[in-house]
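Top line first, the protein sequences correspond to chains A and B. When the first sequence is numbered by this note's numbering, its final residue is 201 and no position is left out of the sequence of numbers. When the second sequence is numbered by this note's numbering, its final residue is 201 and no position is left out of the sequence of numbers. See below for the structure under consideration.
Protein chains: 2
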Amino acid sequence: MSRRKDTGERISDAEHAIMEVLWDKNPVSATDVCDAICDERDWSIATVKTLLSRLVQKEAVGTEPDGRKFLYRPLIERSDYVGGESRRLVDRLFGGRAAPLFAQLAESEALTDDDLAEIEALLREMRK
Amino acid sequence: MSRRKDTGERISDAEHAIMEVLWDKNPVSATDVCDAICDERDWSIATVKTLLSRLVQKEAVGTEPDGRKFLYRPLIERSDYVGGESRRLVDRLFGGRAAPLFAQLAESEALTDDDLAEIEALLREMRK
DNA sequence: ATCGAGTGTTTACATGCGTAATCGAAGTCG
DNA sequence: CGACTTCGATTACGCATGTAAACACTCGAT
Chain A
74 MSRRKDTGER ISDAEHAIME VLWDKNPVSA TDVCDAICDE RDWSIATVKT
124 LLSRLVQKEA VGTEPDGRKF LYRPLIERSD YVGGESRRLV DRLFGGRAAP
174 LFAQLAESEA LTDDDLAEIE ALLREMRK
Chain B
74 MSRRKDTGER ISDAEHAIME VLWDKNPVSA TDVCDAICDE RDWSIATVKT
124 LLSRLVQKEA VGTEPDGRKF LYRPLIERSD YVGGESRRLV DRLFGGRAAP
174 LFAQLAESEA LTDDDLAEIE ALLREMRK
């Protein structure tokens, strides 16, 4: 599933933070977004507005009028974004092979016991 | 292992391409680097020089005089860089947990049979 | 001694990003 | 009706990046 509907437009780090909010609670106003992250990221409402417009330009976010204001909703799915970014990293750093990434994470102790258990479970799942 | 000796200076995409060359063949001149990638990336020697100086500024690359020219060598290890980038991605997109990344790769069919086999092997290794 | 080839250094410039202030239209309260 | 508040839209601005040309220096060949 999740066909590559990449608009080509890349989403920046700050923009991604906004996307996370939109993925979390779907149709929200700019103020809502600000309420959700302005504190955490120490942003002003102005910044949120700018980022939202850029995301709209990039067609990563859509708007629908709600009274006199707008409601924003993501136009791309989180799984698509996340999958794309993951693949990009694997391509760039590991020649497209996932195993070396896994090895790297293992070596740098980025894998908790829980992770290992889960991955084992997933492997068993897929083995079928 | 490999303690976070992050100089804070981030390495950009283009710069990373240069680093790959340096990691591949260790002490090389700017021209050598160009020979190695200028064609592939369609760069001019000037671009390579710029990127090299920026990397030197960022202390990711060191120089040693060789006759009238310089030889460049990486000051950071590939595994450190790769590990850092991997961790960044996992933190940013998967809340620091590696298992979801694995699941994502699996779901987006980015895992080949070979990958699975290798990962299984690694898991068995670690289990001990 | 001179001229050209090769090198590192400096300067350039468009685009993207982070961060925000300001502006203009449109309701809201008094 | 007029001041105040709210939004989205427009403009701003400095730093990073991609990409490279111009400059200065020096070695080797005429």
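Each residue gets a CB set at the ideal place from its N, CA and C atoms; glycine is no exception.
For lysine 122 of chain B, the uninterrupted alpha helix (DSSP H) run begins and ends at 118 to 130, by DSSP. Residues of the same chain with a CB within less than 6 Å of the CB of aspartate 108 of chain A, apart from the 5 flanking positions on each side, do not exist. Contact annotation: in the region 119 to 146 of chain A, no residue has its CB less than 9 Å from a CB in chain B. Interface flag for leucine 95 of chain A against chain B is unset, since no Cβ pair is found closer than 8 Å.
The alpha carbon of tyrosine 145 of chain A has as its nearest neighbour, out of A/Val155, A/Gln130, A/Gly156 and A/Glu158, the alpha carbon of A/Gln130. The beta-carbon separation of arginine 127 of chain A and glutamate 88 of chain A, rounded to 6 Å, stays under the 8 Å limit for a contact. Closer than 8 Å to the CB of aspartate 188 of chain B there is at least one CB belonging to chain A. In the DSSP assignment, valine 101 of chain B is bridged to B/Tyr145. Contact with chain B is absent for glutamate 150 of chain A, since none of that chain's Cβ atoms lies less than 8 Å from the residue's Cβ. Per the C-alpha coordinates, the member of B/Arg197, B/Tyr154 and B/Asp139 positioned closest to arginine 83 of chain B is B/Tyr154. In the three-state reduction of the DSSP assignment, glutamate 191 of chain B falls in the helix class, which pools H, G and I. Per DSSP, glycine 140 of chain B has no beta bridge partner at all. The C-alpha of lysine 98 of chain A lies about 31 Å from the C-alpha of leucine 184 of chain B.
At a Cβ-Cβ threshold of 8 Å, arginine 161 of chain B and serine 181 of chain A do not count as neighbours.
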